[in-house]
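Okay, structure first, notes after.
Residue numbers (this note's numbering), protein chains in the order written: chain A, 1 to 201; chain B, 202 to 402; chain C, 403 to 603; chain D, 604 to 804.
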């Protein structure tokens, strides 16, 4: 298996998932009140579209940086990658469900938001598993020095830890969880990871 | 990050978005009057399908011409590109909403059309930002001469200016805005941009 | 523009369109009679899925054979290609509409079937336009000899002629049109085009 | 036809089909009972999402291993590949139908589950046909030794045999069929095929 086809398939899945997000953007339509009011009432849908869109975008950017360094593609890597995609593919549905209940603000909005954060947690764990796999002897083109490993583990752990925390917070305040997940997205956009630094060199 | 994967992911998103446009093409179905009459009543859906389809097609053509010249792919470029795709992905939903309200012709049709034009405005601004980024020292294979820069800025500005104007016009006449956006699409198809000229050489 | 990106984008659109076809495959669901009976009543949906699937597949195969031979990618070619994709993208919606009305067998089923054939006609004409474009001086790697041109024009004309005939037949018998379009698909699968012969060498 | 474009188109179809699976993941929404209870009642949807997702993933992995070894791409191969994709594309719809009826557990759930297994049977047979085609003289880069052929035939036959058995079992117990199909997926994930061994070397 060449790395190229792993990337092509993953890129395809990322591209479809990020585009399906927009299927949530509709409104109930004519006969359900003025359009501006309908749009206003559905603000969680627009916020969650932004957050989910950039989170998938970040995963894609980081996925590339990680996979680009890999020299051997084994069956184990392929299935870890499928596990990652399993969660990526679930993001549009989880976003839609979360936004639908957040609009209503009832008790179920806590459950829906916890589920949304749980999908991101699963994605972060799968990503960490792929990163862990790349640390094996002779699996990457450029060996990853010990210090870079520590900082990379730390960076991944932050995401996975905050998402777990976000699941718990969802049962107290659903909007607070959404804000947390948005902050994680911002952090990963702004932060210069080693991979990001290499990109910017 | 190689340019190749940026293109592959963007092409995937363009391809999915342009195909999802056609999900709007249905009618209400049996029991809602003769089919020909249903199709006739829904003419805005067919017109807006054409306009949105060719506008996404043009963005894709220009995106290629722009990205093809880039030598370094930085994190900044990746996120500007994500910003562009954020608006591209929203086009099918905005088209659907606009066409749905334009069919009814009520006061909300102004709001829906303004939103439609606003998505194109956002797309044009993101595109201009990417163009601006490419002007940085050493970012393109072929340096862009001063004169070509001026004409390119002018070309991009025209799109962004007309789309802003189209947002305002939407509150006076929604069909006039649709016509304006169609004219912009025609202009970009016919016009020989420097990139287009290079293509045709 | 390299040929590669034209192919990548087109492949993406073909892949999404062919997959969206399957969105029609559902039934009305529990509470609408025994499942087997529902499936039986909806046979036009399954037949039309097969016909549309293989027709898109054939277009993809022929598209490759045609584009593979091209050396220059001009703006004109890009827009002819967009025109082809405009019809390809409309196939799932036209298939869905046609099958929906064919199930009912009422007078509108003639209109829906004519529309279905008209989308294929548009696709065949766009394909012929691309083929015509490739005959221009110096546009292909391997020059197309005069005899091959004649037979290729003939082959394309057959498709475009039968589809036009199929539009007319739709107003007499919708199932006959569906059968005609199925026969065209079979013909293109079985027939050894020059491109096909080159493939099989 | 280069192998590259066959792979690109197939990867696109696999990517879209695997992502469309998640369209089934929604619930009936507010007003249909507590969210947790709705999610609990719909467990077959989540189980079948997992099984269909990994089965498509496995087909993709095996498809790559098979196609990667091919040196000539003939028209026959292209249409065998289209036949495989015909079944792949039908998986999301078959999954959705099966899960919808399994939730209800009525007599139609047997029919829906048999249909689900039949789609996998069709996919396995198409895959076997492609494998059989590759055994022709001079069609693969690395000739497949007689022993590897026997074990490969055996491996493919197991899948196709179990799926046929699963169709029959569906009329006795729908959940048992689902479990069988899940076991086949696990088997193909864990098993080291010759192709898999090559991957892991």
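Ideal Cβ positions, reconstructed from N, Cα and C, are used throughout, including at glycine. Owing to the predicted nature of the structure, the values given are computational and were not obtained by experimental measurement.
Contact under 8 Å by Cβ, residue 694(D) with residue 733(D): In the fourth chain, counting from the first residue as 1, residue 694(D) sits at position 91. In the fourth chain, counting from the first residue as 1, residue 733(D) sits at position 130. The answer is no: Cβ separation not under 8 Å.
Alpha-carbon to alpha-carbon, residue 149(A) and residue 272(B): Mapped onto the second chain, residue 272(B) falls at position 71. Mapped onto the first chain, residue 149(A) falls at position 149. The straight-line gap from Cα to Cα measures roughly 29 Å.
Alpha helix (DSSP H) runs contained entirely in the segment 456-490 of chain C, provided each spans 4 or more residues: Those alpha helix (DSSP H) runs which fall completely within the segment 456-490 of chain C and span 4+ residues do not exist here.
Residue 624(D) at chain A interface by Cβ criterion, 8 Å: Within the fourth chain, numbered from 1, the residue matching residue 624(D) stands at position 21. Residue 624(D) has a beta carbon lying within less than 8 Å of a beta carbon in chain A.
Assigned secondary structure, residue 140(A) (DSSP; H/G/I helix, E/B strand, else coil): Translated into the one-based positions of the first chain, residue 140(A) becomes position 140. The answer is strand: DSSP assigns residue 140(A) an E or B state.
Cβ of residue 262(B) within 8 Å of any chain C Cβ: Within the second chain, the letter at position 61 stands for residue 262(B). Under the Cβ criterion of 8 Å, residue 262(B) is counted among the residues facing chain C.
Proximal residues to residue 584(C) (C-beta, below 7 Å), its chain only, five neighbours per side dropped: Locating residue 584(C) in the third chain gives position 182, counting from the first residue. Around residue 584(C): 453.
Chain C contacts from the segment 271-297 of chain B (Cβ-Cβ distance under 9 Å): Of all residues in the segment 271-297 of chain B, none has a C-beta nearer than 9 Å to a C-beta of chain C.
Where residue 131(A) meets chain D, residues with beta-carbon distance less than 9 Å: Taking the first residue of the first chain as 1, we reach residue 131(A) at position 131. Per Cβ cutoff of 9 Å: no residues; residue 131(A) is ~19 Å from chain D at best.
Closest by C-alpha distance to residue 153(A), when choosing among 142(A), 94(A), 54(A) and 133(A): Position 153 of the first chain holds residue 153(A). The closest CA to that of residue 153(A), considering only 142(A), 94(A), 54(A) and 133(A), is found on 133(A).
Cβ pair residue 127(A), residue 156(A) closer than 8 Å: On the first chain, position 127 is the one that residue 127(A) refers to. On the first chain, position 156 is the one that residue 156(A) refers to. Their beta carbons are under 8 Å apart, which means residue 127(A) touches residue 156(A) by this criterion.
Residues of the segment 317-330 of chain B with Cβ closer than 9 Å to any Cβ of chain A, in chain order: Under the 9 Å Cβ criterion, the segment 317-330 of chain B contributes no residue.
Three-state class that DSSP yields for residue 758(D) in the structure shown: Translated into the one-based positions of the fourth chain, residue 758(D) becomes position 155. DSSP places residue 758(D) in the helix class (H, G or I) of the three-state scheme.
Within chain A, the residues that residue 637(D) reaches when beta carbons sit closer than 7 Å: To locate residue 637(D), count along the fourth chain from 1; it is residue 34. Under the 7 Å cutoff, chain A gives 108.
Rounded distance between the beta-carbons of residue 503(C) and residue 231(B), thought under 8 Å: Reading the second chain from its first residue, position 30 is the one you call residue 231(B). Reading the third chain from its first residue, position 101 is the one you call residue 503(C). Taking C-beta atoms under 8 Å as the contact rule, residue 231(B) and residue 503(C) qualify, at a distance of about 7 Å.
Counted within 10 angstroms of its Cβ, other Cβ atoms place residue 151(A) as buried (16 or more) or exposed: Position 151 of the first chain, counting from 1, holds the residue named residue 151(A). Result: exposed.
Rounded C-alpha distance that separates residue 218(B) from residue 245(B): The residue given as residue 218(B) occupies position 17 in the second chain. The residue given as residue 245(B) occupies position 44 in the second chain. In this structure, the alpha-carbon of residue 218(B) lies about 19 Å from that of residue 245(B).
Short CB-CB distance (under 8 Å) between residue 12(A) and chain D: Residue numbering aside, residue 12(A) sits at position 12 when the first chain is read from its first letter. Put simply, the CB of residue 12(A) is near chain D, with a gap under 8 Å to one of its CB atoms.
8 Å Cβ cutoff, residue 596(C) in contact with chain D: By one-based count along the third chain, residue 596(C) stands at place 194. For residue 596(C), the predicted structure reports a pLDDT of 47, less than 50, and the residue's modelled location is therefore unreliable. A value from the coordinates is still provided. Closer than 8 Å: no.
Under 7 Å from the C-beta of residue 619(D): neighbouring residues of chain C: Within the fourth chain, residue 619(D) is the residue found at index 16, counting from 1. Those within 7 Å of residue 619(D) in chain C are 417, 418 and 421.
Residue 80(A) versus residue 657(D) - alpha carbon distance: Position 80 of the first chain, counted from the first residue, corresponds to residue 80(A). Position 54 of the fourth chain, counted from the first residue, corresponds to residue 657(D). If you take the alpha carbons of residue 80(A) and residue 657(D), they lie about 11 Å apart.
Under 8 Å by beta carbon: chain A residues contacting residue 301(B): Taking the second chain and counting its residues from 1, one reaches residue 301(B) at position 100. The answer, in chain order, is 29 and 30.
C-alpha distance - residue 241(B) paired with residue 294(B), whole-angstrom precision: For this step, residue 241(B) is matched to residue 40 along the second chain. For this step, residue 294(B) is matched to residue 93 along the second chain. Cα to Cα, the separation comes out at about 22 Å.
Residues near residue 770(D) by beta carbon distance below 8 Å, same chain, minus five either side: Walking along the fourth chain from the start, residue 770(D) turns up at place 167. Shown here for residue 770(D): same chain residues with a beta carbon closer than 8 Å to its own, the five before and five after excluded, namely 717, 720, 721, 724 and 780 in chain order.
Proximity winner among 667(D), 727(D), 744(D) and 740(D), relative to residue 764(D) (alpha-carbon distances): Walking along the fourth chain from the start, residue 764(D) turns up at place 161. Checked all of 667(D), 727(D), 744(D) and 740(D); the closest Cα to residue 764(D) is 727(D).
Any C-beta of chain B under 8 Å from that of residue 411(C): As a working mapping, residue 411(C) is identified with position 9 in the third chain. Cβ-Cβ to chain B under 8 Å: yes for residue 411(C).
Contacts that residue 566(D) makes with chain A (C-beta to C-beta distance below 7 Å): The first residue shown for chain D is 604 and the last is 804, placing residue 566(D) beyond what the model contains.
Proximal residues of chain A, C-beta to C-beta of residue 206(B) below 7 Å: Start at 1 with the first residue of the second chain, and residue 206(B) comes out as number 5. Chain A residues near residue 206(B): 7, 11 and 64.
Pick from 267(B), 248(B) and 279(B) that is closest to residue 207(B), judged by C-alpha positions: One-based indexing of the second chain puts residue 207(B) at position 6. For the residues 267(B), 248(B) and 279(B), the minimum Cα distance to residue 207(B) belongs to 279(B).
Closest by C-alpha distance to residue 743(D), when choosing among 709(D), 672(D) and 790(D): In the fourth chain, residue 743(D) corresponds to position 140, counting from 1. It is 672(D).
Coil, strand or helix - residue 641(D) by DSSP: Within the fourth chain, numbered from 1, the residue matching residue 641(D) stands at position 38. Here residue 641(D) sits in helix by DSSP.
Three-state secondary structure (DSSP) of residue 118(A): Within the first chain, numbered from 1, the residue matching residue 118(A) stands at position 118. Helix at residue 118(A).
C-beta neighbour in chain B for residue 156(A), strict 8 Å: Indexing the first chain from 1 puts residue 156(A) at position 156. It does not; no Cβ of chain B falls within 8 Å.
Any C-beta of chain C under 8 Å from that of residue 387(B): As a working note, residue 387(B) is residue 186 in the second chain. Any Cβ of chain C closer than 8 Å to the Cβ of residue 387(B) would place that residue at the interface, and such an atom is absent.
Proximity to residue 498(C) [Cα-Cα], best of 439(C), 512(C), 467(C) and 427(C): As a working mapping, residue 498(C) is identified with position 96 in the third chain. A check of alpha carbon separations from residue 498(C) across 439(C), 512(C), 467(C) and 427(C) identifies 427(C) as the nearest.
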